[in-house]
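>
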Amino acid sequence: MRPILLPALATALLTAAALVPATAAAAAVPDRTWEQLAGCESDGDWHADTGNGFYGGLQIWPATWAEAGGLRYADRPDRAPRRHQITVAEEIRRRQGWGAWPDCARELGLLR
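Numbering (our numbering), first residue to last: 9 to 120.
#1: Is D111 buried or exposed, if buried means 16 or more other CB atoms sit within 10 Å of its CB?
#2: Classify Q67 as helix, strand or coil using the three-state DSSP reduction.
#3: Going by C-alpha to C-alpha distance, which of G59, R102, W54, N60 sits closest to G77?
#4: Thinking just about the alpha-carbon of each residue, which of A113, H92, I100, H55 is nearest to the one in A71?
#5: Compute the Euclidean distance between the alpha carbons of T58 and S50, then round it to the nearest angstrom.
#6: Scan the stretch 92-117 and note each continuous alpha helix (DSSP H) run of 4 residues or more that stays entirely inside, going in chain order.
#7: Under the DSSP definition of a beta bridge, which residues are partnered with D57?
#8: Suppose you measure from the CA of R114 to the CA of R120; what does that come to, to the nearest Å?
#9: Between Q44 and the rest of its own chain, which residues show a CB-CB distance below 6 Å, the 5 nearest in sequence each way excluded?
#10: If you draw a straight line from the C-alpha of R40 to the C-alpha of A82, how long is it?
#11: When DSSP labels each residue in this structure, what does A46 get in the three-state scheme?
#12: Would the beta-carbon of W42 fall within 7 Å of that of I94?
In structure tokens:
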């Protein structure tokens, strides 16, 4: 390759990279949606442990929490901060869709 083409190639590659959408950012759900979902799931109690086998504000089953990477934050959702619960919930939603929270997602118009 001739030296004069290297700067042009580098510019083309950088331009192409800038055009690729940031899917994680584009797919992010607004905090108010997670707040509404938690309001439905646990009355907004991000540390909910009601004895039903689901934990935290978004009532996540421990196995699902582990599969979605939650163990890097805490052993159960109710023991993780709100922000970490939402981070893990984003992964759960990516994998399962809003169907992971069928009743409340339907009630909020997220699932039809």
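No residue lacks a Cβ here, since even glycine has one placed at the ideal position from N, Cα and C.
Reading off the structure:
#1: A residue is called buried when at least 16 other Cβ atoms come within 10 angstroms of its Cβ; D111 does not meet this threshold and is exposed.
#2: coil
#3: R102
#4: Residue nearest to A71 within the set A113, H92, I100, H55 is I100 (criterion: CA-CA distance).
#5: 9 Å
#6: 110-115
#7: Answer is Y63.
#8: When rounded, the distance between both Cα atoms is 6 Å.
#9: L116
#10: 23 Å
#11: helix
#12: Taking 7 Å as the cut-off, the Cβ atoms of W42 and I94 count as close.
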